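Okay, so here's the structure we're looking at.
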Amino acid sequence: MSECPDIAAPEPVFAEPWHAQVFALTVHLNEAGRFTWAEWVDRFSATLARHGVSRDLDGGEDYFNAWLETLETLLSEAGEAVPEERARMRAAWERAYLSTPHGQPVRLAE
Amino acid sequence: MPHDHHDHPHSLLPPDPALRVKALETILTRKGLIDPAALDEIIDTYQNRIGPQNGARVVARAWADPAFKAALLADPMPLLTELGYYGRQGEHMVVVENTPETHNMVVCTLCSCYPWPLLGIPPGWYKSDAYRSRAVREPRKVLAEFGVSLPEGTAVRVWDSTAEIRYLVLPMRPEGSEGLDEEALAELVTRDSMIGTGLARVPA
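Quick look at the structure:
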């Protein structure tokens with residue numbers, strides 16, 4: 001946060017790169033026919049409602065956290081990315097980041 | 001987040017959700033379920049090519065061309081398809097016109113359905129619980145917080161978007177905009193004026 005926000009500056013479309021990535025992933029899977037947009041809205045709004053019970057969602061980070069959780073659940077149910085698989089791959093990426101020298105492109109070990 | 005320490009031993013670890021998204025991408029790519037190039041194309045489209053400027057062009061033309069406006073209000077889909085502003089998700093657009101009698105305002109109480117092809121990605125406040133719950137309950141108060149005060153006699157009508165139907169507000173053409181061409185008119189059309197939480201700019 002800046003001390004002196006410039007109200008004329010345009011807001012970035014996506015605040016974080018992963019917001020853009022999870023958005024694109026979802027749109028792509030919808031276009032590829034993995035689920036209809038109505039199904040997506042139905043599931044996503046249920047996640048938002050569940051998260052919003054305990055506190056007011058601000059529409060930023062918590063919005064995309066709910067988005068990601070919904071997508072993970074849908075893919076898990078479809079058997080396309082089950083929790084164990086996701087945990088393994090997440091750990092592999094974490095290791096890749098921690099073992100790649102700063103400034104080098106991060107790649108998964110084969 | 002930028003990180004410029006030259007002595008940093010390894011790459012900065014992204015936050016947990018970013019790693020989970022990367023994991024999904026890798027799993028689905030390896031199974032041949034997604035094409036990484038298509039993901040880049042989608043991000044590029046929404047980051048650079050689609051935004052409120054699309055909706056502003058439509059509004060400006062409606063202000064300048066009465067026949068276009070009549071067709072837009074009757075059924076916008078043929079016109080929007082022709083302009084290339086149709087929905088990726090197959091939703092149906094409805095254009096609602098602001099008049100001295102009625103001010104229209106759009107919300108999505110379910111989640112954040114929004115006319116992407118015309119306005120791009122919704123701003124954070126549109127997705128917030130506060131806006132989603134209060135727009136329906138106390139629209140005038142919400143409008144006041146956006147700096148919009150309407151004459152007493154103007155009714156506020158709130159439209160709740162769904163996965164299938166999305167709304168675009170056609171704001172009132174501001175005074176003093178007579179004689180401007182479409183390009184100059186489009187400059188007066190703000191994103192918020194097409195959501196109904198703002199009015200069109202008055203020409204300087």
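Those protein sequence lines, which keep their order, are chains A and B. No gaps in the numbering here: position 13 of the first sequence is 13 in the UniProt record's numbering, and each next residue is one more. No gaps in the numbering here: position 1 of the second sequence is 1 in the UniProt record's numbering, and each next residue is one more. Beta carbons are placed, not taken as given, at the ideal position from N, Cα and C, and that holds for glycine. The model shown is predicted, which means the values in this text are computed figures rather than measured ones.
Query                                                                                                             : Result
First through last residue of the alpha helix (DSSP H) which encompasses A:Glu94                                  : 83-99
Interface residues of chain B facing A:Pro101 [CB-CB closer than 7 Å]                                             : His10
Opening and closing residue of the alpha helix (DSSP H) in which B:Tyr167 lies                                    : Segment 165-170 is the beta strand (DSSP E) holding B:Tyr167; no alpha helix (DSSP H) there.
Where the alpha helix (DSSP H) containing B:Arg30 begins and where it ends                                        : 16-30
Other residues of its chain near B:Leu185: CB distance less than 7 Å, five sequence neighbours each side excluded : Ala60, Trp63, Ala64, Ser177
Contact with chain B by A:Ser45, beta-carbon distance below 8 Å                                                   : yes
The segment 105-118 of chain B in contact with the segment 156-164 of chain B per 3-pair CB rule at 8 Å           : yes
Residues near A:Ala91 in its chain [Cβ-Cβ closer than 8 Å; skip 5 each side]                                      : none
Distance cut-off 7 Å: A:Arg107 Cβ against heavy atoms of the ligand SAM                                           : The ligand SAM is not among the ligands present in this structure, which contains no ligands whatsoever.
Assigned exposure category for B:Met77 - 16 Cβ within 10 Å defines buried                                         : exposed
Status (buried if at least 16 other CB within 10 Å, exposed otherwise) for B:Ser193                               : buried
Option nearest A:His28 by Cα separation, candidates B:Asn54, B:Gly120, B:Ile43, B:Leu12                           : B:Ile43
Under 9 Å from the C-beta of A:Glu72: neighbouring residues of chain B                                            : Arg20, Leu24
Proximal chain A residues relative to B:Asp129, where beta-carbon distance stays under 7 Å                        : Gly52, Asp56, Leu57
Cβ separation of A:Glu80 and B:Leu28, assumed to be a contact under 8 Å, to the nearest whole Å                   : 7 Å
Under 9 Å from the C-beta of A:Phe14: neighbouring residues of chain D                                            : The structure shown has no chain D; the protein chains it does contain are A and B.
Three-way DSSP call (helix, strand, coil) for B:Ala155 in this model                                              : strand
Chain B within 8 Å of residue 112 of chain A, Cβ atoms only                                                       : What is shown of chain A runs 1 to 110, which leaves residue 112 of chain A out entirely.
Residue ranges of each beta strand (DSSP E) within the segment 86-136 of chain B, 3 or longer                     : 92-97, 102-107
CB of A:Asn65 within 8 Å of CB of B:Pro17, strictly                                                               : yes
Segment limits, alpha helix (DSSP H) that includes A:Gly103                                                       : Looking at the DSSP string, A:Gly103 is not in any alpha helix (DSSP H), and its letter there is neither H nor E.
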